[in-house]
Structure formats: C-alpha cells, structure tokens
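J.: I'd like to ask you about the structure that follows.
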Amino acid sequence: MEFLTEPKQALVTITVLLLTLLAQAKYSIAETHFLYWEVVTKEFTRNCGSVNITTVNGMYPGPVVNITEGDTVVVNVTNMQEYPVTIHWHGIFQFMTNWADGPAHFTQCSLKTGNSQIYEFIVSGQSGTFFWHAHNNWLRATMFGAFIVHPRDPPPNYGVEVAGEFSMISGEWFDTQPNDVEMGYLYRPIPVDTSKTANTLNGLTGPLYNCTPDDVPETQVFRVQNGSTYLLRLTNAGLNNNHWFTVANHTLTVVSVDGNYVKPFATDAVLIAPGQTTDVLLTANQTIGSYYGGVGLAQIPQVGPPLEAREALAIIEYEGAPADFPLSTPPFPAPSDPMVVDDYTAKVLGYTDMDLPETMDHNLVYVVGIALVDCIPSEPCTSTQKLAGTVQNFTFDEPQNSSVLEAYFYNISGVYETGFPELPPEFIDFTGRPSPEYGIGSRATLVKELEFNQTVELVLQNVNAAVMLDHPFHLHGHDFYVVGRNYGNFNQTTDPATFNLRDPPRFNTISVHSGGWVALRFRANNPGVWLLHCHFERHKTWGMEAAFITKNGTQLNETLPGPKHPLPPCI
Ligand SMILES: [Cu+2]
Numbered sequence: 001m002e003f004l005t006e007p008k009q010a011l012v013t014i015t016v017l018l019l020t021l022l023a024q025a026k027y028s029i030a031e032t033h034f035l036y037w038e039v040v041t042k043e044f045t046r047n048c049g050s051v052n053i054t055t056v057n058g059m060y061p062g063p064v065v066n067i068t069e070g071d072t073v074v075v076n077v078t079n080m081q082e083y084p085v086t087i088h089w090h091g092i093f094q095f096m097t098n099w100a101d102g103p104a105h106f107t108q109c110s111l112k113t114g115n116s117q118i119y120e121f122i123v124s125g126q127s128g129t130f131f132w133h134a135h136n137n138w139l140r141a142t143m144f145g146a147f148i149v150h151p152r153d154p155p156p157n158y159g160v161e162v163a164g165e166f167s168m169i170s171g172e173w174f175d176t177q178p179n180d181v182e183m184g185y186l187y188r189p190i191p192v193d194t195s196k197t198a199n200t201l202n203g204l205t206g207p208l209y210n211c212t213p214d215d216v217p218e219t220q221v222f223r224v225q226n227g228s229t230y231l232l233r234l235t236n237a238g239l240n241n242n243h244w245f246t247v248a249n250h251t252l253t254v255v256s257v258d259g260n261y262v263k264p265f266a267t268d269a270v271l272i273a274p275g276q277t278t279d280v281l282l283t284a285n286q287t288i289g290s291y292y293g294g295v296g297l298a299q300i301p302q303v304g305p306p307l308e309a310r311e312a313l314a315i316i317e318y319e320g321a322p323a324d325f326p327l328s329t330p331p332f333p334a335p336s337d338p339m340v341v342d343d344y345t346a347k348v349l350g351y352t353d354m355d356l357p358e359t360m361d362h363n364l365v366y367v368v369g370i371a372l373v374d375c376i377p378s379e380p381c382t383s384t385q386k387l388a389g390t391v392q393n394f395t396f397d398e399p400q401n402s403s404v405l406e407a408y409f410y411n412i413s414g415v416y417e418t419g420f421p422e423l424p425p426e427f428i429d430f431t432g433r434p435s436p437e438y439g440i441g442s443r444a445t446l447v448k449e450l451e452f453n454q455t456v457e458l459v460l461q462n463v464n465a466a467v468m469l470d471h472p473f474h475l476h477g478h479d480f481y482v483v484g485r486n487y488g489n490f491n492q493t494t495d496p497a498t499f500n501l502r503d504p505p506r507f508n509t510i511s512v513h514s515g516g517w518v519a520l521r522f523r524a525n526n527p528g529v530w531l532l533h534c535h536f537e538r539h540k541t542w543g544m545e546a547a548f549i550t551k552n553g554t555q556l557n558e559t560l561p562g563p564k565h566p567l568p569p570c571i
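Be aware that the sequence shown starts at 1, since it is given in the UniProt record's numbering, and climbs by one per residue.
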C-alpha cells in the first residue's frame, strides 16, 4: 500500500467524512419532489389497434414517483385534453392532507380542460410499493404509475442481499377510449363485449398478442445475474380483473402487501386484486437462460361474456443466456379455482408487533352486492332499470356541484346526508339463495360519521342479489387489519371467536370473495372524508361506494386544515 503523506491523509480523512455524511444524509434528510404533469392525449398501438388515450406527459404507463419516507411530494397537474381528471395516490395515508387524496366527487371536483391543480402531501409512517392513478370515470385505465416509497431507515433485512428491483404493473388495454367503455357499461342491463380487451404488464401486451404470426409485439426484458436475488414490486392497476403473477421455473417469496411487511412465504404464483400491491423476491437460481413471467386472469367466478384469457408476459433474461434458449409460458392457476385462491390467501399473515384495535367503538356490517336500480328520465338506459353496485342496499349518488369534503368543511347543505346504517335491517341468508331484499337498490348520498380516534370493526358481507361476484374493497386514508374471513353468512355471535388477533395482515385493499365476508379493523385517526369502494371499475361505476367522515379531534394536530392549494371549481 502506498505510504500517505500528511496532506494526502487529511484529504482521505475529509473524503471519508464527507462520504459518511452523504451516506447518512440518504437516511435522514427529507426532500421535496416537485413534479410537473401535463395530462395529454397520445396515440398508442396495442393488441393490433391504435387508440388515442389520456396520459400523463405522453407516457403509458405514467411516470414513476420514487421517494423516501418522510419526503414531500408537490405535483402540479395541468389538464391539456378534453376529459376532466383527478389523481389519487393509492395507499398513501394523506394524514391532514385529505384535500390531496383525489377521488372525484368525494374530496374534489374534477380538473377541467386548461386548468391546473397542485397536490401537495408528506408521505409519513409508511413505505413500500404504492401507485397513483386517475380517480374519475375510467381514465385510470391509461393514467397510472408506480409510487415507490423507500424506507427512511436502512432497508429491511430479507436474509439475502437484494441486487436490484423491478416494478411490474399489470392492467387492461381497451380497443376504445376507456371513458367510452364506461358509457357502454353504465346504462345497459348486460355488460358490453370485453373480447377486445387485452391484459398488460407495464403497458405492454407481450408476445401472446401477435396480430400476424410474424408480427410479435414488443416484449419487456428484465435482465438478471445468475445467483442474484431481486425485489419485484407487483401492482394490479387493472380495472376489472384479479391477476395471478408467476414466473416460469421460479419460486417467489412474498415479503410485503400494500406497503406492509408480511411473514415471508414461498409460492409459485401471487394473487393480486385490483388496487393491491405485493413485493416478492425472485432468486435467479435456474439454468442460465430466459424465462417468461407475467400476469393471467384470476376471476372468481367467471360470469358474463368470455374474458380475454391470454397472459401478458415479459422476459426474465439471465446474463449470458443462450439466444436459442427455449422460452416457455409458466403454468398459471386455473382462473376460477377458489381452492387455490383460499390456499394462497391463508398464507398471507402479518407480524405481531402492531397497533391492532382490541376494543371497538363501532361494529359495522355492510352488505355489498350487484343489484338493479330504476333508471331516471335523464339516463339513456336501454331498459327501465340498470345495474347498480350497492352497499347496505344503497347505490351511491355522486354529488355533482360540490365534493363531499367541501360540503363538510364549508358547511354546504344538501350535498350529502349522514346516518349511513351500521347494520343491515335483518340478518337474512345473504349468500345461500338469491335475496329479493337486495335485488333493487336505492340511490342515496349517505355517509357514516366517526369521532376522531374511534375504533371500527367493519364486516363486508357479500350478498346474492342480481348476481354474486368478487369485490376488492379499498379504503382511502387508512390501512386496516384483516381479522377474519369466510364463506357464507357472517354470524355476529359466533364468528368473532374465530378472528385472528395474533398476526392479521394489514392491507388497504381486500377481496370480498363471492359468497363470503371479510372482517376488518382500523382506527379513525385521520380527519376528513374517506372513500370506501369496490376497486373493480365496473362496480364502482355502478355506485358500489360508501364514505366515512372522521371528525376533528380536540387538538390542533387532530384538526383538518383547509386546502393548501386552490381546488378545481365544481361548476
Ligand atoms: Cu365489486
């Protein structure tokens, strides 16, 4: 080793000091990220057809937000195209920044053509994989992107060195502008033909969607090194389908769901409902080569017209893979096999060091289903009734002239009503037979009020109304613990004894399986208006929405301040 003279030693010492400070700074100094997003129309070609789609900055999928826990995000959104828009930061708590949450009709009115809006919020007390998406009409089909929050403290020890990470967001491609697809679903008694829909991974359909035998579409390649382990950040940004994710020949280790660590478990395939995210570890420990991986449908049960069943595949390519390595499609679980789903679901467990509410201020049972509702004269229905998504037999009538939050904050009357029922009027057989009691929903803009810091147990009970389907429910502004789930009817007397209060997983989105129920617990510690809705866009379009209003507490830091930036005008 070269002998260092004194000045050289001093230089080395200073450099080492600076490097140490820089390394520490990575974990200690919060940053502010200023993002400028223009919402523009751009033509993209997928699945053998071109469509003018609505995008952020002409990108599909949209830009990735990459921050560290504690950072501030300031997004200046300018709407340069014809459709009104809003943006939602899915899974981000928005503590004291309810105004930046984004769902149209609930926390703001949509941003109209030519106008700008600034979303500003701090991401605190959470890290992991999230995503952002448009939250009005069906624009989120093409306006979505990853929102990655790195932990402020050193990254978690997975027991193995992580060599790199990849974000993989699945979705659906429609052969027309998604808002037009929505119009097709809104007023018809029978859903529109979905056969022109393609599955996508990171916005690409992959090799199974070739138009002619010679025309193979672009396929994304993820490059890995033999023997290394990678973190795959999986998100289902799709509108109407559950997805299985799998990689040929490789076992995946699930480590996190919805930004919450889970007890790691190995699996061949990962089940992701729309609105859910899952982080998995993949170790490149197979023969040096190339392997297909991607998403296929996990619809349970499958009803209506046939769904697009081709998988959206990408390639995991080892460094040094032979060019003629035979690629094979991984086996996917059968799309409608509840056994595989239940087996997977049972493996997802949380940790014991948690803030699970133990005594409840509210024990809510909400009955959720797909029913019919009478059309009103202004609606271009093709019959006297249309399909309705219902919660407690109410289909949510979205206010048009003010958001619920503005009405609440500024005391505007006539926009919404309080007193959403805590329980169904009667505990009937919800799942065993068609329930005529739930066949016809009624329209209402009804919310449930909660006092600050109250504890809530919420059971979502599926009902066999017009039809019985899965419903992936998403709660804005909170994570919740999943303490129980089963098929059949929830029994208020006997089922709580079966709850898992030891290691329940913590999510922001949960699939209420067809013919079943789930029991959730959360603390209402975030003042404001928080949407609870099915994350299947069809069902949301049909009104499967509800909302909580959490009132202010007594302290200043328990009181929702006014909006930091002007909101889009409603009229
Ligand atoms: Cu649903």
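C-beta atoms are modelled at their ideal positions from N, C-alpha and C, and glycine is treated no differently.
To the nearest whole angstrom, what separates the beta carbons of residue 470 and residue 512, a pair I think is in contact under 8 Å?
T.: The Cβ separation is near 7 Å, so the contact holds.
J.: Note down, in chain order, each residue of its chain lying with its Cβ closer than 6 Å to the Cβ of residue 390, except the 5 sequence neighbours on either side.
T.: 369, 371 and 441
J.: Taking the beta strand (DSSP E) that residue 230 falls in, what are its first and last residues?
T.: 229-236
J.: Give every residue of the same chain whose Cβ lies closer than 7 Å to the Cβ of residue 344, excluding the five residues on either side of it in the sequence, and list them in chain order.
T.: 267 and 271
J.: Please state the DSSP three-state secondary structure of residue 567.
T.: When DSSP states are grouped into helix, strand and coil, residue 567 belongs to the coil group.
J.: Given 7 Å as the limit, tell me if residue 471 has its C-beta closer than that to any heavy atom belonging to ligand 1.
T.: yes
J.: Over what stretch of residues does the alpha helix (DSSP H) that includes residue 182 continue unbroken?
T.: 178-186
J.: Taking three-plus beta-carbon pairs below 8 Å as touching, is the stretch 51-67 in contact with the stretch 135-144?
T.: Three or more beta-carbon pairs separated by less than 8 Å link the stretch 51-67 to the stretch 135-144, which places the two stretches in contact.
J.: Where does residue 309 sit, in a helix, a strand or coil, going by DSSP?
T.: Look at residue 309 here: in three-state DSSP terms it is coil, with no helix or strand label.
J.: Can you determine whether any heavy atom of ligand 1 sits closer than 7 Å to the C-beta of residue 534, and answer yes or no?
T.: yes
J.: Who pairs with residue 506 in a beta bridge, going by DSSP?
T.: 481
J.: Given the structure, does residue 389 come close to ligand 1, in the sense that its CB is under 7 Å from one of the ligand's heavy atoms?
T.: yes
J.: Using a Cβ-Cβ cut-off of 7 Å (strictly less than) and excluding sequence neighbours within five positions of residue 218, which residues of its own chain qualify?
T.: 204
J.: Candidates 68, 538, 150 and 124: which alpha carbon is nearest residue 387's?
T.: 538
J.: For residue 247, count the other beta carbons within 10 Å of its own beta carbon; 16 or more makes it buried, fewer makes it exposed. Which is it?
T.: buried
J.: Under 8 Å between the Cβ atoms of residue 490 and residue 534?
T.: no
J.: According to DSSP, simplified to helix, strand and coil, what is residue 213?
T.: coil
J.: By DSSP's criteria, residue 443 is part of a beta bridge. Which residues make up the other side?
T.: According to DSSP, residue 443 shares a beta bridge with 395.
J.: Have a look at residue 261 and residue 571 and give me their C-alpha separation to the nearest angstrom.
T.: 43 Å
J.: Quick check: does the Cβ of residue 539 come within less than 7 Å of any heavy atom belonging to ligand 1?
T.: yes
J.: Is the distance from the Cβ of residue 132 to the Cβ of residue 121 below 8 Å?
T.: no
J.: May I ask you to check if the CB of residue 468 is nearer than 7 Å to at least one heavy atom of ligand 1?
T.: Using a cutoff of 7 Å, the CB of residue 468 does not count as near ligand 1, since none of the ligand's heavy atoms is closer than that.
J.: What does DSSP give as the partner residues of residue 39 in its beta bridges?
T.: 56 and 79
J.: Spell out the partners DSSP gives residue 261 in its beta bridges.
T.: Paired residues: 256.
J.: Could you name the residues of the same chain whose beta carbon sits closer than 6 Å to that of residue 118, not counting the 5 residues immediately before and after it, in chain order?
T.: In the same chain as residue 118, and ignoring 5 residues on each side of it, the C-beta atoms closer than 6 Å to its own belong to 76 and 565, in chain order.
J.: What first and last residue would you give for the alpha helix (DSSP H) that runs through residue 405?
T.: 404-409
J.: Throw me the rounded Cβ distance for the residue 63 and residue 136 pair, which I believe falls under 8 Å.
T.: Wrong, their Cβ atoms sit about 19 Å apart, outside the cutoff.
J.: Quick one: residues in its chain with C-beta nearer than 8 Å to the C-beta of residue 421, no 5 flanking neighbours on either side, listed in chain order?
T.: 392
J.: Mapping DSSP to helix, strand and coil, what is residue 160?
T.: coil
J.: Could you have a look at residue 366 and say whether DSSP puts it in helix, strand or coil?
T.: Taken through DSSP and simplified to helix, strand or coil, residue 366 comes out as strand.
J.: How would you label residue 309, buried or exposed, when you count the other beta carbons within 10 angstroms and need 16 or more for buried?
T.: exposed
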